[in-house]
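Encoded as structure tokens, the structure appears first; notes follow it.
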Amino acid sequence: MQGRIHSLESFGTVDGPGTRFVVFVQGCPMRCAYCHNPDTWPMTGGTMMEPEEIYEQYNRNKDFYKNGGITVTGGEPLMQVDFLIDLFTLAKRDNVHTCIDTSGIAYKPDNKAFIEKLDRLMELTDLVMLDIKHIDPQKHLELTQQPNDGILAFAKYLDEKHVDMWIRHVVVPGLTDDDKYLFELGYFIGQFSNLKALDVLPYHTMGEAKYKKLGIPYKLAGVPAMDKNKVVEKKEVILNGIRKRREEKE
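Shown next as structure tokens:
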């Protein structure tokens, strides 16, 4: 089973715990307004690669990753479940830490064949970094051109499967920085016992040049980068939501 690969990174420090070998897959159905990798959107393109070929590249510097592991990101990794199963099977034979960075958009609870494969993949996965773009259904649709019901259901699925989960949320001025929705996000994720970390990331404008080069209109033109100091305040709002949910559970 080959994977459609966009690129490989040998020194990832923000893609899970430790230093990691990062696999960027090609193809994503999301159209996030602030995506900084629009070149990964098309389901075609990229380079077809065997799991063994990729794992061999990891092994060349495996001692370098002894406190890290392998992360698959994208694009959307869960669009290529069969490939991930094969790659992670190789990794777990050597007890390598495995991580998936995903939007969760591929989760289809009514697709029995997909769920069977996903169940197998989760047995091989140590950590899922789940990007929740917006907690409000309509605003999520406006921001990404995709609904968020399956994404939120995927978070519940991960909890049921006891797979460690890190939540990521990008704070964009005027779009994802409303305290009401940030608190709701925290309240939602506060129910999960598998929640291990929360990354609240400031929106930046570094991807704008890539859109211009690709000839794609940049929807957030004119939106300023998020003040990193304010991100600390916004994270606290989410944490308050988490605390509220957990207090109610006690």
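Residue numbers (the numbering used here): -19 to 230. We put the CB at the ideal spot given by N, CA and C, even for glycine. Here the structure is a predicted model, which means the values were calculated and not measured.
What are the start and end residues of the beta strand (DSSP E) that includes residue i?
i      : result
F1     : R0 to V5
T78    : H77 to T82
V52    : G49 to T53
T27    : T27 to M29
E(-11) : G(-17) to G(-8)
DSSP on residue i, reduced to helix/strand/coil?
i    : result
I95  : helix
P182 : strand
T105 : coil
D211 : According to the sequence as given, residue 211 is Val; it is not Asp. In this structure, V211 counts as helix in the three-state DSSP scheme.
E230 : coil
V151 : strand
D111 : strand
I85  : coil
When DSSP builds the beta bridges, which residues end up paired with residue i?
i    : result
A177 : W146
What are the start and end residues of the alpha helix (DSSP H) that includes residue i?
i    : result
L132 : D129 to E140
R293 : Absent from the structure is residue 293, since the part of the chain shown begins at -19 and ends at 230.
H120 : P117 to T124
F163 : D159 to I169
L200 : No alpha helix (DSSP H) holds L200; DSSP gives it neither H nor E.
Within 10 angstroms of the Cβ of residue i, are there 16 or more other Cβ atoms? Answer buried if so, exposed if not.
i    : result
K208 : exposed
D179 : exposed
Three or more beta-carbon pairs under 8 Å between the segment 193 to 207 and the segment 26 to 36, yes or no?
No: fewer than three Cβ pairs fall under 8 Å.
Do three or more CB pairs link the segment -5 to 8 to the segment 44 to 61 at distances below 8 Å?
The answer is yes - the segment 44 to 61 touches the segment -5 to 8, with three or more Cβ pairs under 8 Å.
Would you call the segment 167 to 181 and the segment 211 to 229 touching, i.e. three or more CB-CB distances under 8 Å?
yes
Take every Cβ of the segment 84 to 94, pair it with every Cβ of the segment 126 to 140, and state whether three or more of those distances are shorter than 8 Å.
yes
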